Each structure stands twice: as C-alpha cells, then as structure tokens.
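Enquirer: Per the working numbering, the sequence shown starts with residue 38, numbered consecutively.
Don't be surprised by glycine CBs; every beta carbon is placed ideally from N, CA and C.
Computed from a predicted model, the values in this text were never measured in an experiment.
I'd like to ask you about the structure that follows.
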Amino acid sequence: MQLTNRSKAVNRDPMTFSESLYIPGLLKGMATTVGHIFKKKATVSYPEETRPFSPVFRGLHILNRDEEGREKCTACGLCALSCPAEAITMEAAERLPGEEHLYREEKYAAKYEINMLRCIFCGFCEEACPKDAIYLTQSIPPPNYDRETFIYKKDDLLLPAKTDAQERAAEGDPTPLQP
Ligand code: SF4
Ligand code: SF4
C-alpha cells in the first residue's frame, strides 16, 4: 500500500563508468556543502544565543507574593489537578499564629515542586489558580545533564521577598540600609 505519492522507485541498473568513479557524486556533494556555507544559518548556538520568544510564550513558573510580600499560594491543589502532565506535587501546612506576615491564607504550601521534564508549559496551572499565585514567565529552564536539577522546588519557584532597602525605596525613602 502506498501512503504518500513521494516514494521513489529504487534504480537497480548497473553503475555507469562515471558513476563507478564516484568523483562526480563527490563533487556534487561538495558543491551542496559549499553552497550552504554562504547561506544564513538556520540554527543558533544555544544556550549562548537564544531567539526572541513570542509575546505569548510560556516558560518557567514563578510562585507569586502579594503586595505585602506574603506567599499567595494556599495549597488548594487545583493547579496539580488541572496539570495534564502530573508535573506538580505539593504538601499543605496550616499557618501558625505569628506567621500572618509570611502566608496570606490560613493554609500554605510547605512543599511545592514542579518537574520541568514532565511539564509541557500548557499554562493550565496558571489558569486554574484561584489566588493568582502561579505564573508562567518568559524564561526557560537552563540546560543541565542532571535530571534532578529539573525538579524545581518551592525555593526555586518562589518570587524573592523584597529586602527592607527595596521596600523603603518603593516608598520613596532613599536612605540606604544600615549594616
Ligand atoms: S504548565 Fe501545564 S504541564 Fe506545566 S505544570 Fe502547569 S499545568 Fe502542568
Ligand atoms: S498555586 Fe494556586 S492553584 Fe496551585 S495550590 Fe497554590 S493556590 Fe492552589
């Protein structure tokens, strides 16, 4: 059965004298190679070079904080449930008295992991999140030979908390932080 119309019949005729010399075939191959030297390269030297991404590109995730620097995630698990690749795992914990400045909700993710080797960057986790806690950014996980490094832990995903100096600068106070 023929699946496409691109198949070619194999020529089984005996080689001619010039074909048996292989020189014309070699020259033809060299001409093709040399012709490509002067063409614009179709590839880039990743990771030193990268191509600009589309504005709608979805890359590495971040776990967001609120305007007071508290973790927004309430470990509801909706992102993990909606993940078609089953790439998200988490463990919930209850916020203790005195931790209100760390976690916005009464429950928070004590452990939150995304396996970037399973993730297909579909963005369903971002869509499912009722707390605006998870976002996909425009960066991609850096290459590595170690599979373990592609399991991003909560510390890798969580947006860094603002320092005192940054907070003061945001409030318009230019005084540098005292050591
Ligand atoms: S982007 Fe898609 S595949 Fe990746 S963690 Fe989110 S829901 Fe799962
Ligand atoms: S990131 Fe959002 S959806 Fe996922 S557990 Fe946290 S609050 Fe729920």
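Does the distance between the C-beta of K109 and the nearest non-hydrogen atom of ligand 4 fall short of 8 Å?
Expert: The model depicted lacks ligand 4 and carries ligand 1 and ligand 2 instead.
Enquirer: So, with DSSP's three-state summary, where would you put M52?
Expert: In the sequence shown, residue 52 corresponds to position 15, counting from 1. Looking at M52 - three-state DSSP - the assignment turns out to be coil, as it is neither helix nor strand.
Enquirer: Among the residues of its own chain, which have a CB less than 7 Å from the CB of P178, if the five just before and after it don't count?
Expert: The sequence position of residue 178 within the sequence shown is 141, counting from 1. Closer than 7 Å at Cβ, skipping near neighbours: L97, M153, F187.
Enquirer: Return the residue from the list A124, R132, I99 that minimises the CA-CA distance to T111.
Expert: For the purposes of this step, residue 111 is taken as residue 74 along the sequence shown, with counting starting at 1. Measuring from the Cα of T111, the nearest candidate turns out to be R132.
Enquirer: Cβ atoms of L100 and A170: under 9 Å apart, would you say?
Expert: Position 133 of the sequence shown, counting from 1, holds the residue named residue 170. Position 63 of the sequence shown, counting from 1, holds the residue named residue 100. In contact: A170 and L100 (Cβ atoms closer than 9 Å).
Enquirer: Which residue wins for smallest C-alpha separation from K85, given the options V47, G135, P180?
Expert: Translated into positions along the sequence shown, residue 85 becomes position 48. The sequence given here has Glu at residue 85, not Lys. When each option's Cα is compared against that of E85, the closest is P180.
Enquirer: Give the single residue among E56, Q175, I74, A147 whose Cα lies nearest to the Cα of F158.
Expert: By 1-based counting over the sequence shown, the position of residue 158 is 121. If we check each option's Cα against that of F158, Q175 comes out closest.
Enquirer: With a CB to CB cut of under 6 Å and the five nearest residues on each side skipped, what residues in its chain are close to T126?
Expert: For the purposes of this step, residue 126 is taken as the residue at position 89 of the sequence shown. So the list reads E150, once near-sequence residues are dropped.
Enquirer: Could you check if C159 belongs to the surroundings of ligand 2, using beta carbon to heavy atom distance under 8 Å?
Expert: The residue given as residue 159 occupies position 122 in the sequence shown. No; taking the cut-off as 8 Å, the Cβ of C159 has no heavy atom of ligand 2 nearer than that.
Enquirer: Let me know the secondary structure DSSP gives I157 once reduced to three states.
Expert: As a working mapping, residue 157 is identified with position 120 in the sequence shown. Note: I157 maps to coil in three-state DSSP.
Enquirer: Quick check: the Cα distance between K168 and T80, rounded to an integer number of angstroms?
Expert: Your numbering for residue 168 matches position 131 in the sequence shown. Your numbering for residue 80 matches position 43 in the sequence shown. Rounded to the nearest angstrom, the two C-alpha atoms are 40 Å apart.
Enquirer: Count the other CB atoms within 10 Å of the CB of P213; is the residue buried (16 or more) or exposed (fewer)?
Expert: Stepping through the sequence shown from its first residue, residue 213 is reached at position 176. Confidence at P213 is low in this model, with a pLDDT of 42, below 50, so the placement of that residue is unreliable and no value is reported for it.
Enquirer: Given that a residue counts as buried once 16 or more other Cβ atoms are within 10 Å of its Cβ, and exposed if not, what is R102?
Expert: Locating residue 102 in the sequence shown gives position 65, counting from the first residue. That one is buried.
Enquirer: Just curious, the alpha helix (DSSP H) that K148 is in, first and last residue?
Expert: Your numbering for residue 148 matches position 111 in the sequence shown. Where K148 is concerned, there is no enclosing alpha helix (DSSP H), although the beta strand (DSSP E) it sits in stretches over 144-152.
Enquirer: When burial is assigned at 16 or more other CB atoms within 10 Å of the CB, is R184 buried or exposed?
Expert: Stepping through the sequence shown from its first residue, residue 184 is reached at position 147. The residue is exposed, with fewer than 16 neighbouring Cβ atoms inside 10 Å.
Enquirer: Sort out for me which residues DSSP pairs T126 with in a bridge.
Expert: Reading the sequence shown from its first residue, position 89 is the one you call residue 126. Beta-bridge pairing links T126 to E150.
Enquirer: How would you write the range of the beta strand (DSSP E) that L63 sits in, first residue to last?
Expert: Within the sequence shown, residue 63 is the residue found at index 26, counting from 1. Looking at the DSSP string, L63 is not in any beta strand (DSSP E); the run it does join, the alpha helix (DSSP H), is 60-74.
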